[in-house]
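Numbering (the numbering used here), first residue to last: 69 to 382.
Glycine included, C-beta positions come from ideal geometry on N, C-alpha and C.
Structure record follows, encoded as structure tokens.
Shown next as structure tokens:
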């Protein structure tokens, strides 16, 4: 396929794996890239030396394009930037911060920059900052999310109308049919998290992967909006947060409940009751742990089939 995203990233399919904390190491990123999509190493949960190790292993495992996801609120971000530049990472996806801070520096090094947004205001800011593309992420997505709670099918046409940049749709996408819907609305690629979080190559704990395959409708919810909104599985930790929020808990009280390393405890170490388990609404449709290559191929084949079916209706 040829469009602005495929040409920009030099990838075969407009399918991009999300850079999820505790799930997106070099094994997953290389598997997706080798399958024709764009694999992403999630730097948000990595110390600087760990990020360096994953980039080096990625280069050994794949000669295809890949990216690093970089949350701009990361405390040692200068060290991550230094590693990314020195290792000549070709593409960086930035999120959770002001894109104007690092975009020019990265682009001056020949690095392509994509920024994640959840509303029109920040899409325009990202465009003004000079990014190459944007990820428009709807409310259905797992992990950290927009406060506006705008769904993907509402967000994509709004952003498409507001900016000239190529758009990557994210949030609630778990099939070729949903991919086609996003493309019709103005996206030129999709970014998928939950399916790949539950893949064989994901670095998430096997207990978390199995939990994903067991989730039903309504078993995730956006939470912690006074801190940073995040979609969580409804477990004992979530319930304590929910009760506190219902009783008007302050930011400080919620931070105390959250504590430190809560997401690592849940997603990486497999503590399903007291851990922070981040996953999207699409998890209710995931019932199997599959290889990443199979996920990419199934999405692409279903996309082509759905496209033919739609054309047949015209």
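Beta-carbon proximity list for residue i, same chain, < 6 Å, skipping 5 on both sides
i, result
"residue 383", "In this structure the chain extends from 69 to 382, so residue 383 is not present and cannot be described."
"residue 255", "224, 235, 237"
"residue 287", "302"
"residue 130", "98, 101, 102"
"residue 125", "94"
"residue 123", "155"
Limits of the unbroken alpha helix (DSSP H) element including residue i
i, result
"residue 263", "262-265"
"residue 276", "274-282"
"residue 341", "Unbroken run through residue 341: none, as it is neither H nor E."
"residue 116", "116-129"
"residue 365", "360-381"
"residue 90", "Element bounds for residue 90: n/a, residue is neither H nor E."
"residue 102", "94-102"
"residue 335", "Residue 335 -> no alpha helix (DSSP H), and no H or E assigned at all."
"residue 244", "244-252"
"residue 325", "319-326"
"residue 76", "72-77"
Residues near residue i in its chain [Cβ-Cβ closer than 8 Å; skip 5 each side]
i, result
"residue 192", "230, 231"
"residue 291", "297, 298, 299, 300, 306, 309, 310, 313"
"residue 289", "299, 300, 302, 306, 310"
"residue 375", "248"
"residue 96", "85, 107, 264, 267, 269, 270, 271, 360"
"residue 227", "185, 188, 191, 202, 204, 235, 254"
"residue 326", "292, 295, 309, 344"
Residue interval of the beta strand (DSSP E) (run including residue i)
i, result
"residue 138", "134-139"
"residue 183", "180-185"
In DSSP terms, what residue i is bridged to
i, result
"residue 290", "299"
"residue 259", "84, 238"
"residue 148", "Per DSSP, none; premise fails for residue 148."
"residue 109", "136"
"residue 346", "300"
Chain B contact for residue i (CB, 8 Å cutoff)
i, result
"residue 301", "Among the protein chains of the structure shown there is no chain B, as only one such chain exists."
Beta-carbon proximity list for residue i, same chain, < 7 Å, skipping 5 on both sides
i, result
"residue 187", "214, 216, 218"
"residue 281", "266, 354, 355, 356, 357"
"residue 367", "83, 243, 244, 247"
"residue 342", "304, 305, 333"
"residue 116", "144, 147, 148, 151"
"residue 176", "none"
"residue 169", "140"
"residue 331", "89, 90, 344, 346"
Within 8 Å, strictly: CB atoms of residue i and residue j
i, j, result
"residue 110", "residue 101", "no"
"residue 259", "residue 84", "yes"
"residue 183", "residue 199", "yes"
"residue 384", "residue 240", "Absent from the structure is residue 384, since the part of the chain shown begins at 69 and ends at 382."
"residue 180", "residue 76", "yes"
"residue 257", "residue 73", "yes"
"residue 273", "residue 190", "no"
"residue 133", "residue 202", "no"
"residue 294", "residue 319", "yes"
"residue 261", "residue 338", "no"
"residue 284", "residue 352", "yes"
"residue 87", "residue 161", "yes"
"residue 275", "residue 340", "yes"
"residue 178", "residue 364", "no"
"residue 137", "residue 70", "no"
Closer than 7 Å: residue i CB and nearest the ligand ADP heavy atom
i, result
"residue 202", "Judged by which ligands are present, the structure shown has none, so any question about the ligand ADP falls away."
Runs of alpha helix (DSSP H) lying entirely within the stretch 151-231, each at least 4 residues, in chain order:
171-176, 188-197, 220-230
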